[in-house]
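Residue numbers (this note's numbering): 436 to 501.
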Amino acid sequence: MDGTMTSPSANTARLQASLDSCETRREPFSHWLLDDVFTDEVVEGLRALPFDAPRVEYTKGARAAN
Numbered sequence: 436m437d438g439t440m441t442s443p444s445a446n447t448a449r450l451q452a453s454l455d456s457c458e459t460r461r462e463p464f465s466h467w468l469l470d471d472v473f474t475d476e477v478v479e480g481l482r483a484l485p486f487d488a489p490r491v492e493y494t495k496g497a498r499a500a501n
């Protein structure tokens, strides 16, 4: 990263474009498949966070576990 920040309006536009072009699925529940949601700057910022992603111990899909 070069120290410059993407403007909030550019991030909003990126998200809106992703929503406008996403695939919608109705089964097994209504949901959307998004692509290119984040700018490279946001992705690099997330990767640089000073902690690891939490470990998921339970993977059977029960809402109570999530």
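Note that CB positions come from ideal geometry on N, CA and C, so glycine has one too.
(request) Would you kindly report the start and end of the unbroken beta strand (DSSP E) that includes GLU458? (result) Residue range 458-460 is occupied by the beta strand (DSSP E) that includes GLU458.
(message) Suppose contacts are defined by Cβ-Cβ distances below 7 Å. Is SER453 in contact with VAL472 by that definition?
(response) Closer than 7 Å, so yes.
(request) Confirm, please, whether the CB-CB distance from THR447 to GLU476 is below 7 Å. (result) In this structure, GLU476 lies away from THR447, with their beta-carbon atoms at least 7 Å apart.
(message) Let me check one thing: in DSSP terms, what residues is LEU468 bridge-paired to?
(response) In the DSSP output, where bridge partners are listed per residue, LEU468 has GLU458.
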